[in-house]
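>
There are 2 protein chains.
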Amino acid sequence: MLALTGTLTGTLTTSQKRSDDMALKKQITIDQVAQQAGVSTQTVSRVLNNRPDVAASTRQRIQEIIRQLGYQPSAIARGLTRRRNHSLGVIVTELEQYGPMRRLLGIKEAATAAGYSLHLGFMEHPESDDVQALLNDLLSWQVEGIIWTAPEVGNNWSALENNMPPVPVILISERADSRLAAVALDNRWGARSATEHLLEQGYKNIGIITGPLAWDVAHERYQGWQSALLEVHERQVVAGDWSATSGERGLRQLIEQYPEMDAVFACNDQMALGAIHAANEMGLQVPRHLGVVGFDNRPESAYYCPPLTTVQHPLMEQGKLAVHKLLEMIETHQQTTRIIPSEGTVLKPRLIIRKSSVEN
Amino acid sequence: MLALTGTLTGTLTTSQKRSDDMALKKQITIDQVAQQAGVSTQTVSRVLNNRPDVAASTRQRIQEIIRQLGYQPSAIARGLTRRRNHSLGVIVTELEQYGPMRRLLGIKEAATAAGYSLHLGFMEHPESDDVQALLNDLLSWQVEGIIWTAPEVGNNWSALENNMPPVPVILISERADSRLAAVALDNRWGARSATEHLLEQGYKNIGIITGPLAWDVAHERYQGWQSALLEVHERQVVAGDWSATSGERGLRQLIEQYPEMDAVFACNDQMALGAIHAANEMGLQVPRHLGVVGFDNRPESAYYCPPLTTVQHPLMEQGKLAVHKLLEMIETHQQTTRIIPSEGTVLKPRLIIRKSSVEN
DNA sequence: GTGAAAGCGCTAACAC
DNA sequence: GTGTTAGCGCTTTCAC
């Protein structure tokens, strides 16, 4: 484990060696370019920023020198004066999960396309981490806006509402009724349609393997499932942790406590995979004896045995949309206002029907 | 699509509205803190940096004011003077793949633990993107070192060797014999042991579904497979693209062109899943008629049917190790030297044996 | 213990 | 067209 914290003062450790064949290149600055070209730094700056008022010959000469020197303007210094550095902050968690990852990819794509770079703030423990510290870190990099794509759990972003950062914030939400400027995915609706599909297929007793219920996303899916049924009993519910392992364990437990179960809604594809696996091992045929539906539509879920019926949601699109809305807010100097549910965009998932829930 | 490129000059678009209830908070600076406290900025700076030579009472007073104002020092301005901003650059691709993602998680964890933040540079098209531009972008953020974890394809980092950046670079490599300061994973060795395992199980005719062979990682696995066999024929090889779909297609094609095949090495778990699926559909029992081995050991591969024999490799560890080595280089002012294969760390994968390759 | 001055690399606002 | 001046927010001298 490296202990870097102490070295901030600048004193270097004792064992410093330096490869002899390669002196430390100093950074090339605008001054050097200006000097070489025999002009002022200002003129160089004009060339860098494609300003019109530079003589063509001067411009060419300067560009040539820039190339020769391999000069690269410092985004940092530039940002300091411009008060704008074309970067966005993203607060993320659980990147090992499918949803967060896909969203980040969408964010990245849209940001790159718009010429923005990304600062990531990782929230390790959504339920306990100090939100303010994370925000401050991002703000200290002068990000122009912030995308919040960490799970809404407990009151971890009530802090946000009380102490709004000086830049626009957009929230990526898992629920249709979110309270900050948000791009939301209607998980509840998706879960409901998955459950209704099972009912339509003639299944009568539908269990559920949920995600960790403290998370909004898990809670919403749970609610969606519940809303499709007339009444539900505790026996029908088991909590998983998104992993295939917990899906397997979950199914076994459900069978035990709810023997009449003939279908299960697993709240993501991995848990569905675990459930199918357990069913196979116990000699229950899917979908004959047990209907199974998942959530996510990972590319591989079409190749499970049997192929998995699941809910597809536009994750990358959500990420992209969030960037677009955020940039719009930035451009119009719009601050994040408190309660704008109607302005928020709500994306709907889509049910993908495969063999795991359709007999024959 | 937002067109931001034109707004750099500062002129804002016409439709700018501003929410009335919330004026734009200006950033709080060190000067304001100093003024409030009735001291010089210098003294505040000393407090911020935990310098000893400040009167205890002064320090307390200043800290109090900092808290009240919610002052947050600007990492940007600080970095500009210190010439050090505690950030690392990471060049990544293909984050939707399991390997790259896991490595990034490892990198993130180690960097966070050491108090470093990360700048991501995304390489969209490893085979064609302008490497220099990506590097320049990272350098313009004054990153103190760079982790290169994009696939080695074609000559995309030969540019690196010719034009070494002014900061240390560490390469995350897929081959044991990499030429720059590297933390490598011995893919060839892993693939070889997977293939040898199949031979030991009595399989005689072993096909392969490779990844895109232009990538080092795919090529290395191919080589490992080949090295375990006495001689190989073109018929035994099909190229996939890492997706389950390509695995399914690949198996069908192999069966056709290499009918005596009794086992297949799929170069990642997803393709293995696709292959198993195809086999099931064609009435071939796994592992009875066809042995299958994958590569990656994703958490869910234990739940395929049958559970997948596969090669596990320490991806997160590789990422962490890369950070640690890079920080070490930074601390010792060590530049990346050209050829140091022996100094590079080589991690070995490990075969995980499950039912897909073991009859009974 | 504390402050004044200079400067990090760049750009905005004005001059000429 | 081009140069000068000032300043972004902070830290590093070096005074006192």
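As you go down the protein sequences, you meet chains A and B in turn.
Under my numbering, the first sequence has 289 at position 289, and the numbering climbs by one with no breaks.
Start counting at 1 in the second sequence, then tack on 1000, and there's your number in my numbering.
C-beta atoms are modelled at their ideal positions from N, C-alpha and C, and glycine is treated no differently.
How long is the line joining the alpha carbons of T245/A and G274/A, rounded to whole angstroms?
T245/A and G274/A have their C-alpha atoms spaced approximately 6 Å apart.
> For F122/A, return the contacting residues in chain B, with the cut-off set at a CB-CB distance below 7 Å.
Correct list: K1108, T1112.
> Can you name, in chain order, every residue of its own chain whose Cβ lies under 6 Å from the Cβ of S227/A, other than the five neighbours on each side?
Non-local beta-carbon contacts of S227/A in its own chain, meaning distances under 6 Å to residues more than five positions away in sequence, involve R192 in chain order.
> Could you check what DSSP says for V131/A in three-state terms: helix, strand or coil?
helix
> Compute the distance between the beta-carbons of V143/A and L199/A, then report whether it is under 8 Å.
no
> Find the residues of chain B that neighbour A77/A, judging by a C-beta separation of less than 8 Å, and give them in chain order.
L1080
> Applying a beta-carbon distance threshold of less than 9 Å, which residues of chain B neighbour M101/A?
L1095, E1096, M1101
> Residues of chain B with CB closer than 7 Å to the CB of V277/A, please, in chain order.
Residue 277/A is actually His in this sequence, not Val. Under the 7 Å cutoff, chain B gives Y1303, C1305.
> Determine the chain A residues that contact N1268/B at a beta-carbon separation under 8 Å, and present them in chain order.
Near N1268/B there are no residues of chain A at all, since even the closest Cβ is about 11 Å away, more than 8 Å.
> Does the beta-carbon of V131/A have 16 or more other beta-carbons within 10 angstroms, so that it is buried, or is it exposed?
buried
> Going by beta-carbon coordinates alone, are L1308/B and R1354/B separated by less than 8 Å?
yes
> For R350/A, which residues does DSSP report across the bridge?
For R350/A, which the question treats as bridged, DSSP gives the partners Q312/A.
> Run down chain A in chain order and give the residues with a C-beta less than 7 Å from the C-beta of P1299/B.
Those are S243, A244, listed as they occur along chain A.
> Beta-carbon separation of R221/A and Y258/A under 8 Å?
For R221/A and Y258/A, no; Cβs fall outside 8 Å.
> Give the residues of chain B in contact with N280/A, contact being defined as C-beta atoms less than 8 Å apart.
Neighbours of N280/A across chain B, judged by C-beta separation under 8 Å: C1305.
> Under 7 Å between beta-carbons, which chain A residues line up against W1141/B? List them in chain order, please.
A75, I76
> Can you list, in chain order, the residues of its chain with a C-beta nearer than 6 Å to that of S1117/B? Leave out the 5 residues immediately preceding and following it.
S1087
> With V92/A as the anchor, note down where its beta strand (DSSP E) starts and where it stops.
87-92
> Output the boundary residues of the alpha helix (DSSP H) element that contains H1219/B.
1216-1228
> For L24/A, does the count of other Cβ atoms within 10 angstroms reach 16, so buried, or fall short, so exposed?
Confidence in L24/A is poor, its pLDDT being 43 and thus under 50, which makes the residue's placement unreliable; the coordinate value appears in the next sentence. The residue in question, L24/A, is exposed, as its Cβ has fewer than 16 Cβ neighbours within 10 Å.
> With V387/A as the anchor, note down where its beta strand (DSSP E) starts and where it stops.
Because chain A here runs from 1 to 360, residue 387/A falls outside it and cannot be looked at.
> In the DSSP assignment, the beta strand (DSSP E) including T210/A goes from what residue to what residue?
206-210
> For the beta strand (DSSP E) holding S1357/B, just list the boundary residues, first then last.
Segment: none, S1357/B is in no beta strand (DSSP E) and carries neither H nor E.
> Pair every Cβ in the stretch 293-310 of chain A with every Cβ in the stretch 1263-1277 of chain B, then say whether three or more of these pairs are closer than 8 Å.
yes
> Please tell me whether P166/A has its Cβ less than 8 Å away from any Cβ of chain B.
yes
> Do G294/A and N110/A have their beta-carbon atoms positioned less than 8 Å apart in this structure?
One detail in the question is off: residue 110/A reads as Ala in this sequence, not Asn. Not in contact: A110/A and G294/A (Cβ atoms no closer than 8 Å).
> Taking only beta-carbon positions, decide if Q1072/B is within less than 8 Å of chain A.
By this cut-off, Q1072/B is an interface position.
> How would you list, in chain order, the residues of chain B whose beta-carbon sits under 9 Å from the beta-carbon of L273/A?
E1300, Y1303, Y1304
> According to a CB-to-CB cut-off of less than 8 Å, which residues of the stretch 173-201 of chain A neighbour chain B?
none
> Are any of the Cβ atoms in chain B nearer than 8 Å to that of E248/A?
yes
> When DSSP labels each residue in this structure, what does L321/A get in the three-state scheme?
helix
> Just checking: is the beta-carbon of H1119/B within a distance shorter than 8 Å of some beta-carbon in chain A?
yes
> Please go through the same chain and pick out, in chain order, the residues whose beta-carbon is closer than 8 Å to the beta-carbon of P1151/B, but skip the five residues on each side of it.
T1093, E1094, P1126, E1174, W1215, D1216, V1217
> I'd like to know whether the C-beta of Q27/A is nearer than 8 Å to at least one C-beta of chain B.
yes
> On the DSSP letters alone, give me the boundaries of the alpha helix (DSSP H) that A244/A sits inside.
Where A244/A is concerned, the enclosing alpha helix (DSSP H) starts and stops at 244-257.
> Going along the chain, which residues of its own chain have a beta-carbon closer than 6 Å to the beta-carbon of V1238/B, five neighbours each way excluded?
Correct list, in chain order: I1209, G1250, Q1253, L1254.
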